[in-house]
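Here the structure comes first, spelled out in structure tokens, and everything after it is commentary.
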Amino acid sequence: MRDEPNPAPGRPGPRPAAGPWAAGDPWRSLPAMSPAARVTPLGPGRVRAATRPAAGPPGGRTVAPSPLDPGAARDPHPVHRRLREEFPLTYDPLLRAWVLSRYADVAAALTDPRFTHGHRPGDPPCARARGHADVDLDGLRAAAERTAHVLARRIADRPQADLVADFCHWLPAGTVATAVGVPYRDMMRLVRGRAATALAGKCGGQLAVREKALASFLANVLTDPALTAALRRAPAEAVDRAWTESLRRDPPVQIAVRRVREDVPVSGGVLPGGSSVALLIGAAGRDPERFRDPDRFDPERDDPGQLTYGGGFCPAVVLAGLEARHALRALFEAMPRLRPADGFRPVPAGLITRAPQTLIVRPGG
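Residues 1 to 365 in the UniProt record's numbering are what the sequence shown spells out, letter by letter.
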């Protein structure tokens, strides 16, 4: 199963259209994008199963399902639902960790100082790092806007395109490259290293997470014609609400692993100190005790929330939101009739991280 899309050499992109983003296109030096994509159903062999079944407890008691069970890569939600309802605290031999799946437990563990060995963008110490005070927000905004428009225009004249390979894969890296002055031809080599770290510190390695989050966001919007029509004319705040809702229902990181320093009471029992803990962010985001009708994608819900990012200031978090906002605006401006290809439905995949592997669209409608 491919973890990150890698554009294959193909025919060159279309000639840049006239407009403010057309002059001096620096992306001409990039490798050609992938050829026009075709809808190819994923075969069962593309899903990697767990290496061994979970060991059951003695005495014939009911065995908790594992988030790594075969089939969970395709659809983890039945497993998550059963864990929330029946096994709020259980030990998983495959993960070698205790598993928490309820929103209250996962949200608390993500910020509780008794849980260590993990980091989420927007949480301390990232949220109070001195270097972040010098981040040029206007520069980040301009970088995200320019990169999104250039990428959108490169695919606007194609009969068919894969937004994962041709847009989502490039936008996070391209935005960072623009912001820090890395030449576009070198961005995939440099941005994933020192340049990204210089911009976002510990969160510089979040490029792959932003790619996956953006893919899920675009899939959620474009597969809902009513929402697509509404967001074409909506203010930025409405796009931001849709972004938050996508992070809640379809987070790019499904499982975060921490270690607990001491015994901690949680739903269903007590976590033993010194043990590893798997936090099911995907399960927590669909907890009906926290969200009404949690499986429904509803940007206008009055009980919003997401656990992918913390609430503090972090350039990686700011960038992710800016990229989502400007991605949608650029795609709609360059391709007013943009829609999914006939018969195509995005299929999220992945156990630890999760997102659609392809998003096939018709730029011209």
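Every residue gets a Cβ at the ideal spot worked out from N, C-alpha and C, and that includes glycine.
For L328, the three-state secondary structure derived from DSSP is helix.
Two segments are said to touch when three or more pairs of C-beta atoms, one from each, lie closer than 8 Å; by this definition the region 232 to 241 does not touch the region 67 to 81.
Here E85 is exposed. Its C-beta has fewer than 16 other C-beta atoms within 10 Å. Within the same chain, and ignoring the five residues on either side of R81 in sequence, no residue has its Cβ closer than 6 Å to its Cβ.
Under the 10 Å beta carbon count, T116 is surrounded by fewer than 16 other beta carbons and is classified as exposed. Residue environment: D136 is assigned as exposed (fewer than 16 neighbouring CB atoms within 10 Å of its CB, all protein chains considered).
N220 places its beta carbon less than 8 Å from that of F297. Burial check for P272: the Cβ neighbour count within 10 Å stays below 16, so the residue is exposed.
Secondary structure at L279: strand, using DSSP grouped into helix, strand and coil. The alpha-carbon of V277 is positioned some 19 Å away from that of P251. Between the alpha carbons of R329 and L322 lies a gap of roughly 11 Å.
Put simply, the backbone Cα of P294 is about 31 Å away from that of A144.
Cβ atoms of V270 and R114 stay farther apart than 8 Å, at about 12 Å. Classified as buried, G285 has 16 or more neighbouring CB atoms from the shown chains inside 10 Å of its CB. Two segments are said to touch when three or more pairs of C-beta atoms, one from each, lie closer than 8 Å; by this definition the region 325 to 342 touches the region 138 to 152. In the DSSP assignment, I352 falls outside any beta strand (DSSP E), carrying neither H nor E.
Around the beta carbon of A226, a 10 Å sphere encloses fewer than 16 other beta carbons of the protein chains shown; the residue is thus reported as exposed. Exposure of R345 is indicated by the presence of fewer than 16 other C-beta atoms within 10 angstroms of its C-beta. The DSSP assignment places complete alpha helix (DSSP H) segments of no fewer than 4 residues inside the region 87 to 113 at 103 to 111, in order along the chain. In the three-state scheme derived from DSSP, where H, G and I count as helix and E and B as strand, G269 is classed as strand. CA-to-CA, the gap between G268 and D157 works out to about 55 Å.
In this structure, the beta-carbon distance from R248 to Q206 does not fall below 8 Å. Here the alpha carbons of D138 and A179 stand approximately 10 Å from one another.
Across the set T62, S275, A256, the C-alpha of S275 shows the shortest separation from the C-alpha of E262. Beta-bridge analysis with DSSP links F115 to V260. If you draw a straight line from the Cα of V106 to the Cα of Q357, it is about 27 Å long.
In this structure, A152 is the residue among A152, T308, Q160, V182 with its C-alpha nearest to the C-alpha of L171.
Taking each of V318, Y91, L163 in turn and checking the Cα distance to R141, the smallest one comes out for V318. V239 sits in a helix when the DSSP states are folded into three classes.
In this chain, the alpha helix (DSSP H) harbouring R153 covers 137 to 155. For V209, the enclosing alpha helix (DSSP H) covers residues 207 to 222. The Cβ neighbour count for R337, taken over all protein chains shown within 10 Å, is under 16; the residue is labelled exposed. The DSSP-derived three-state label of A72 is coil. T62 is classed as exposed because its beta carbon has fewer than 16 other beta carbons within 10 Å across all chains shown. Exclusion of the five residues before and after F87 leaves A64 as the residues of its chain whose Cβ lies within less than 6 Å of its Cβ.
Boundaries of the beta strand (DSSP E) around R362: 360 to 362.
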